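A.B. asks: One structure is given below, represented as structure tokens, and several questions about it will come after.
Protein chains: 2
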Amino acid sequence: MTAHQKERLEEFVKVCKEKGLKITPQRLAVYEILLRRKDHPTVEEIYEEVKEIYPFVSLATVYRTVETLEELGFIKRVAYWGSSVRYDANIQEHDHLVCVMCGAILDLKADAGCRVPEEVNGFKVLSRSLYIYGVCPSCQKKD
Amino acid sequence: MTAHQKERLEEFVKVCKEKGLKITPQRLAVYEILLRRKDHPTVEEIYEEVKEIYPFVSLATVYRTVETLEELGFIKRVAYWGSSVRYDANIQEHDHLVCVMCGAILDLKADAGCRVPEEVNGFKVLSRSLYIYGVCPSCQKKD
DNA sequence: GTGTATGCAAACAGTTTGCACAGAC
DNA sequence: GTCTGTGCAAACTGTTTGCATACAC
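Residue numbers (the working numbering), protein chains in the order written: chain L, 3 to 145; chain X, 3 to 145.
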């Protein structure tokens, strides 16, 4: 676990205490898994991983935990076009670069791809989700 | 119905004939509704509208029809973070402006929100999907 | 000890599927 | 007449909820 991850986990514990939420092993496990994973797991996938440590954990608990984490702003729901919701502990605004050949997904620093104005068509912009689809350097060589 | 919509509908009829698919009133109705609507209705919403014309239509038929339309490339599935899938008959590349309060979705001409370079991090860019989340003018007033 | 979080099972919503019949060809 | 498309209901999947118990405080 990196220093940054440890820091985030401690911040989570702090916020829970402030809000009167209990620090349960399940909550810590869910957040730790999300911090460690570089992909964007579904609730089911998180559940499977928590189960390795706490075999009696319930799927409902994982759902409730990610909801709590999202409300506290520690994780973000990822807009995906699959059927189930996915979560990401990287709460910095960032874009995604997807290789259509090999499926690799790279996180992009926000504004590396493009910049969105603060207001568009009278809408007050809160966030954005940008997926750029293309061919990565190594797949370009394969052609 | 605009000339463009009529043209698209005729194209659909033509492609169906080529593929040996039957031209049923339900199919025409679903595509016509999607062509006319400027938002991105859920299957349920399309179903409600078809029912006004064909009261005995089944929800399953609407699901099957949008699947067919998508396979033929006449409509696109819209990535959304609500619980149900939405469809769009505008198959040109374009961005989306989503109101997080009321769920309204506006189409944005591609590059109205932002411009993506032809190459990012060595990736050859093919297409992109941009969703801008914010609060629409009328919801801003409601606060 | 108190009260929130958990585990379980049942409920729910959106979507898909199997099957007999209807209707486009 | 043939064979695909439809309508109905039942099945399925992802998610939420109610309730009794467990456990963090």
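Ideal Cβ positions, reconstructed from N, Cα and C, are used throughout, including at glycine.
Please read these numbers as outputs of a predicted model, since none were measured by experiment.
Report the rounded CA-to-CA distance for Leu132 (chain L) versus His98 (chain L), giving the unit in angstroms.
C.D. replies: Approximately 6 Å between the Cα atoms of the pair.
A.B. asks: Output yes or no for whether 7 Å exceeds the beta carbon distance between Ile35 (chain L) and Glu51 (chain L).
C.D. replies: Cβ distance < 7 Å, so Ile35 (chain L) and Glu51 (chain L) count as in contact.
A.B. asks: Can you name the residues that DSSP bridges to Lys24 (chain X)?
C.D. replies: Beta-bridge pairing links Lys24 (chain X) to no other residue.
A.B. asks: List in chain order: all unbroken beta strand (DSSP E) runs of 3+ residues lying wholly within the region 5-82 of chain X.
C.D. replies: Those beta strand (DSSP E) runs which fall completely within the region 5-82 of chain X and span 3+ residues are 78-80.
A.B. asks: Taking the runs of the beta strand (DSSP E) that are 3 residues or longer, which of them lie wholly in the region 82-125 of chain X?
C.D. replies: Taking only runs of at least 3 residues, the beta strand (DSSP E) segments lying wholly in the region 82-125 of chain X are 88-90, 96-101, 107-111.
A.B. asks: Just the C-alpha distance for Val100 (chain L) and Ser140 (chain L), rounded to the nearest angstrom, thanks.
C.D. replies: Roughly 13 Å separates the two Cα atoms.
A.B. asks: Would you say Leu128 (chain X) lies against chain L (beta-carbon separation less than 7 Å)?
C.D. replies: Chain L, which has a Cβ nearer than 7 Å to the Cβ of Leu128 (chain X), makes this yes.
A.B. asks: Which term fits Thr67 (chain L), buried or exposed, when burial requires 16 or more other beta carbons within 10 angstroms of its beta carbon?
C.D. replies: That one is buried.
A.B. asks: Taking 8 Å as the threshold, find out whether the region 8-15 of chain L comes into contact with the region 27-45 of chain L through three or more Cβ pairs.
C.D. replies: Yes, since at least three Cβ pairs between the region 8-15 of chain L and the region 27-45 of chain L fall closer than 8 Å, the two stretches touch.
A.B. asks: Using a Cβ-Cβ distance cut-off of 7 Å, determine whether Arg88 (chain L) contacts chain X.
C.D. replies: Output row for Arg88 (chain L): interface = no.
A.B. asks: Apply the 10 Å Cβ neighbour rule to Gly136 (chain L) and answer buried if 16 or more other Cβ atoms are within range, or exposed otherwise.
C.D. replies: The residue in question, Gly136 (chain L), is buried, as its Cβ has 16 or more Cβ neighbours within 10 Å.
A.B. asks: May I ask you to list the residues that DSSP assigns as paired with Ser129 (chain L)?
C.D. replies: DSSP, once it has assigned bridges, lists X:Tyr135 as partnering Ser129 (chain L).
A.B. asks: Of all Cβ atoms in chain L, is any one closer than 7 Å to the Cβ of Pro139 (chain X)?
C.D. replies: Closer than 7 Å to some Cβ of chain L, the Cβ of Pro139 (chain X) qualifies, so yes.
A.B. asks: For Ile25 (chain X), which option in X:Val15, X:Tyr56, X:Val32 has the closest C-alpha, if you only look at C-alpha atoms?
C.D. replies: Here the closest residue by C-alpha is X:Val15.
A.B. asks: Which chain L residues sit within Cβ distance under 7 Å of Asn92 (chain X)?
C.D. replies: Ordered by position in chain L, no residue passes the 7 Å Cβ test against Asn92 (chain X), which lies about 16 Å from the chain.
A.B. asks: Name the chain X residues that come within less than 7 Å of Arg66 (chain L), Cβ to Cβ?
C.D. replies: What Arg66 (chain L) touches in chain X: nothing, since even the nearest Cβ is about 17 Å away.
A.B. asks: Does the Cβ of Ile48 (chain X) have 16 or more other Cβ atoms within 10 Å, making it buried, or fewer, making it exposed?
C.D. replies: The residue is buried, with at least 16 neighbouring Cβ atoms inside 10 Å.
A.B. asks: Using a threshold of 7 Å, state whether the C-beta atoms of Arg130 (chain X) and Val118 (chain X) are closer than that.
C.D. replies: Cβ distance < 7 Å, so Arg130 (chain X) and Val118 (chain X) count as in contact.
A.B. asks: Given a limit of 7 Å on CB to CB distance, which residues of the region 12-38 of chain X reach chain L?
C.D. replies: Against chain L - using a Cβ distance shorter than 7 Å - the region 12-38 of chain X contributes no residues.
A.B. asks: Looking at chain X, is there any beta carbon in it that lies within less than 7 Å of the beta carbon of Tyr56 (chain L)?
C.D. replies: So no, Tyr56 (chain L) is outside the interface.
A.B. asks: Please list, in chain order, the chain L residues whose beta carbon lies closer than 8 Å to that of Leu99 (chain X).
C.D. replies: Neighbours of Leu99 (chain X) on chain L, chain order: Val122, Asn123, Phe125.
A.B. asks: In or out: Cys104 (chain X) buried (at least 16 other Cβ within 10 Å) or exposed?
C.D. replies: When all chains shown are included, Cys104 (chain X) counts as exposed.
A.B. asks: Apart from the five residues on each side of it in sequence, which residues of its chain come closer than 7 Å, Cβ to Cβ, to Glu69 (chain L)?
C.D. replies: Answer for Glu69 (chain L): no residue qualifies.
A.B. asks: Can you tell which of X:Ser86, X:Ile55, X:Asn92, X:Asp109 has the C-alpha that lies nearest to the C-alpha of Glu72 (chain X)?
C.D. replies: Of X:Ser86, X:Ile55, X:Asn92, X:Asp109, the residue nearest in Cα terms is X:Asn92.
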